[in-house]
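J.: The sequence shown begins at 362 in our numbering and counts up by one.
Just so it is clear, CB atoms sit at the ideal spot from N, CA and C, and this is done for glycine as well.
Just so we're clear, the structure is a prediction, and the values are computed from it rather than from any experiment.
My questions will all concern the structure given below.
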Amino acid sequence: MHNVVPFPKAASRHAGETAHHFRRAILLLDLSLQHTRALIEDCPRSDNRHKLEHQLREARMLLEMLRASAETMFPNIERHYD
Numbered sequence: 362m363h364n365v366v367p368f369p370k371a372a373s374r375h376a377g378e379t380a381h382h383f384r385r386a387i388l389l390l391d392l393s394l395q396h397t398r399a400l401i402e403d404c405p406r407s408d409n410r411h412k413l414e415h416q417l418r419e420a421r422m423l424l425e426m427l428r429a430s431a432e433t434m435f436p437n438i439e440r441h442y443d
């Protein structure tokens with residue numbers, strides 16, 4: 362027989378606060394990348410623009426990885442913080 366330890370309310374509240382901070386960070390990063398994309402699109406075609414577009418794609422992939430990790434750690438993050 363296993364001993365069952367109740368999940369403390371403080372830990373539950375902390376997990377909710379952490380999920381909220383993750384969600385806010387993801388939203389802010391997403392907005393920043395959207396703004397960056399708009400700035401890049403206003404630049405004339407050049408090698409530098411191509412490099413910036415590549416870096417933006419990499420940043421977008423990292424953001425998607427962060428989002429997936431947050432959704433794994435906090436399965437209801439989208440429901441609670443949209």
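1) How many Å lie between residue 394 and residue 420 at the Cα?
2) I'd like to check one pair, residue 390 with residue 424: are the Cβ atoms closer than 8 Å?
3) Starting from residue 430, trace the alpha helix (DSSP H) both ways and give me its first and last residue.
4) Report yes or no: do the segment 376–386 and the segment 425–438 share at least 3 C-beta pairs separated by less than 8 Å?
5) When we look at the beta-carbon of residue 399 and count the other beta-carbons within 10 Å, is it buried (16 or more) or exposed?
6) Out of curiosity, what's the CA-to-CA distance linking residue 373 and residue 427?
7) Let's test the definition: count the other Cβ atoms within 10 Å of the Cβ of residue 380 and tell me whether it reaches 16, buried, or not, exposed.
T.: This is what the structure holds:
1) 8 Å
2) yes
3) 408–434
4) yes
5) The residue is exposed, with fewer than 16 neighbouring Cβ atoms inside 10 Å.
6) 21 Å
7) buried
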